[in-house]
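A.B. asks:
Number of protein chains: 2
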Amino acid sequence: MDNIPQATVRRLSLYCRYLEKKEVEGGNFISSRELGDGIGTNAAQVRKDLCFFDRFGTPGRGYPVSFLRRRLLAILGIKDQTWRVAVIGAGKLGCALVGYGGFNRQGFEFVALLDNNPEKFGRVYGALRVEDSARLDEIVTRRRVDIAMLTVPAPAAQGVLDNLTAVGVRAVLNFAPANLDIPAQVAVRNVDLAVELEGLSFFLVGLRSRSDNP
Amino acid sequence: MDNIPQATVRRLSLYCRYLEKKEVEGGNFISSRELGDGIGTNAAQVRKDLCFFDRFGTPGRGYPVSFLRRRLLAILGIKDQTWRVAVIGAGKLGCALVGYGGFNRQGFEFVALLDNNPEKFGRVYGALRVEDSARLDEIVTRRRVDIAMLTVPAPAAQGVLDNLTAVGVRAVLNFAPANLDIPAQVAVRNVDLAVELEGLSFFLVGLRSRSDNP
DNA sequence: CTATGTGAAGGCCTTCACAGCG
DNA sequence: CGCTGTGAAGGCCTTCACATAG
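Here the protein sequences come in this chain order: A and B.
Using this note's numbering, the first residue of the first sequence is number 12, and each one after it goes up by one.
Using this note's numbering, the first residue of the second sequence is number 12, and each one after it goes up by one.
#1: Check the Cβ of B:Asp157 against every Cβ in chain A and list those closer than 9 Å, keeping chain order.
#2: Would you mind telling me which residues of chain A sit closer than 7 Å to B:Leu87, beta carbon to beta carbon, in chain order?
#3: Can you name the start and end residues of the alpha helix (DSSP H) that B:Ile86 belongs to?
#4: So B:Phe119 and A:Leu208 are in contact, right, with Cβ under 8 Å, and what is the actual spacing, rounded?
#5: Under 8 Å, with one C-beta from each stretch per pair, do the region 146-158 of chain B and the region 65-76 of chain B reach the 3-pair mark?
#6: Output the boundary residues of the alpha helix (DSSP H) element that contains A:Ala165.
#7: Would you say the region 37-46 of chain B touches the region 173-190 of chain A, given that touching needs at least three Cβ pairs under 8 Å?
#8: Looking at the C-beta of B:Pro129, does it have a partner C-beta in chain A at a distance below 8 Å?
#9: Can the beta-carbon of B:Gly100 be found closer than 8 Å to that of B:Thr176?
#10: Who are the Cβ neighbours of A:Val57 in its own chain at under 7 Å, not counting the five residues just before and after it?
#11: Can you check DSSP and say which residues form a bridge with B:Gly143?
#12: How big is the Cα-Cα spacing for A:Leu104 and A:Phe78?
#13: Return the CA-CA distance between A:Ala123 and B:Gly217, expressed in angstroms with no decimal places.
#14: Using a 10 Å radius around the Cβ and a threshold of 16 neighbouring Cβ atoms, would you call A:Asp157 buried or exposed?
#15: Would a check of beta-carbon distances place A:Pro188 closer than 8 Å to chain B?
#16: DSSP beta-bridge partners for A:Val183?
#17: So, are the CB atoms of B:Tyr29 and B:Gly51 less than 8 Å apart?
#18: Checking 8 Å against the spacing of the C-beta atoms, do A:Asp60 and A:Thr19 come in under that value?
#19: Check whether the Cβ atoms of A:Gln169 and A:Ala195 sit closer than 8 Å, and answer yes or no.
#20: Please check the pair A:Phe186 and A:Val199, which I expect to be a contact at CB under 8 Å, by giving their CB distance rounded to whole angstroms.
#21: Where do the N-terminal and C-terminal ends of the beta strand (DSSP E) with A:Ile193 fall, by residue?
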């Protein structure tokens, strides 16, 4: 029971979000149909995803909302667990992320904001001061950082990633538009806005040519 | 020659990025092998992706770097074309995006920054002033907005999306953690940081349990 | 002899369909 | 009778393998 598709894991997060809404509204049971509709997939997919883990449902009734939500949170590792997050790169994006309160709400806590530019040292964003990224090793170790967000310029990204993994960080959310060499045993998720925008551009070009030659 | 996999489109962006680097370094030809290694895939995948569109290569030599890059830019719709982007939601993230210069570099230009909070009207970020999102229709039309970035709170996202599509916007990059109903003929790409973080959390939990019970 | 272009094979994820439970 | 759990079928994307071009 190990090889869970990435796509399934992504949907688990969406299920949790929908279940939270449903729980607040006071729903007790939810069908795979409704849960699927709610996140933009279908009932069979929901049942398949969930049965990777356990039998959460009751035939004829559906899934108990609150119970299912707690179980999924546990599976995702954000129940009774707060991951400690460091942001490397105190540019506009890094500072915006630290200032955003939405993550603290559930399971994640910012514990460091680093940059290599001395002019930024000491500036305060959210609950953090900018500190010197030359002290990355020490800070990451002492604050027991679990996850790093990489918001440095692309040319610096590989070096920082190597430093992070050398100190034991095993999970990285990378915002730099760089093609990183990813060490084994490390998970890197890329958030690449240029790729997303260019995907939209490609879609628009297709639309246009289809309406030009109908 | 129509049904291009999303995955292929995403890789096109990465190919372009790698080719740009290669072109600057003065490379004339590049093999599918090198291009694949460069973006973290393999040679066969590169050839398959490219041959959806044309025969760009020369057997025995590889692909002409500069030529291939220009052709891919054209396919992605970012050669001789600048898409006009509006950001809806002048929170920390929206303002950081507008202030980030990286997109203007190629193919995208910010033309509006809207919010519904009167206290923010008139504040300047990058080259833009915050304007009233009540005037969305007029502004989007007059400035010929092609793409919208949604950086509003989740509960507001669906309403804004509906407004945008009503005025003819067909491409949206959504940052709100909301399960949106997406109208037909509209492309929405979601950038969902909670989903990414929770994916990393899931990975870390898996790592831990595997090292506990080896 | 090297490297592309491409049908065929393979693998992974989604969808189907139905047995079985409440 | 409704809805879950799940093997089987289907579809899409990736990888293979080789004919072909330079």
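The C-beta atom is built at its ideal place from N, Cα and C for all residues, glycine as well.
Since we're looking at a predicted model, the values are computed, not measured.
C.D. replies: Checking against the coordinates, here is how it stands:
#1: Correct list: Leu211, Ser212 and Leu215.
#2: Going along chain A in sequence order, the residues near B:Leu87 (Cβ under 7 Å) are Glu209, Ser212 and Phe213.
#3: B:Ile86 -> alpha helix (DSSP H) spans Val76 to Leu87.
#4: 6 Å between Cβ atoms; contact.
#5: With fewer than three CB-CB distances shorter than 8 Å, the region 146-158 of chain B does not count as touching the region 65-76 of chain B.
#6: Ala165 to Ala177 is the extent of the alpha helix (DSSP H) around A:Ala165.
#7: No contact exists between the region 37-46 of chain B and the region 173-190 of chain A.
#8: Interface with chain A (8 Å Cβ-Cβ cutoff): B:Pro129 is excluded.
#9: Remark: C-beta atoms of B:Gly100 and B:Thr176 do not approach each other more closely than 8 Å.
#10: Cβ neighbours of A:Val57 beyond the five flanking positions: Ser43, Leu46 and Gly47.
#11: Sequence check: residue 143 of chain B is Asp here, not Gly. Note: B:Asp143 is bridge-paired with B:Asp126 in the DSSP secondary-structure output.
#12: In a straight line, the C-alpha of A:Leu104 is about 36 Å away from that of A:Phe78.
#13: Annotation: A:Ala123 to B:Gly217 spans about 25 Å, alpha carbon to alpha carbon.
#14: Taking a 10 Å sphere around the C-beta of A:Asp157, we find 16 or more other C-beta atoms and assign the residue as buried.
#15: Chain B places a beta carbon closer than 8 Å to that of A:Pro188, counting this residue as a contact.
#16: DSSP, once it has assigned bridges, lists A:Ala159 and A:Val199 as partnering A:Val183.
#17: No. Outside cutoff.
#18: Against a cut-off of 8 Å, the Cβ pair of A:Thr19 and A:Asp60 comes out as a contact.
#19: Going by C-beta atoms, A:Gln169 is not nearer than 8 Å to A:Ala195.
#20: 11 Å between Cβ atoms; not a contact.
#21: Segment: none, A:Ile193 is in no beta strand (DSSP E) and carries neither H nor E.
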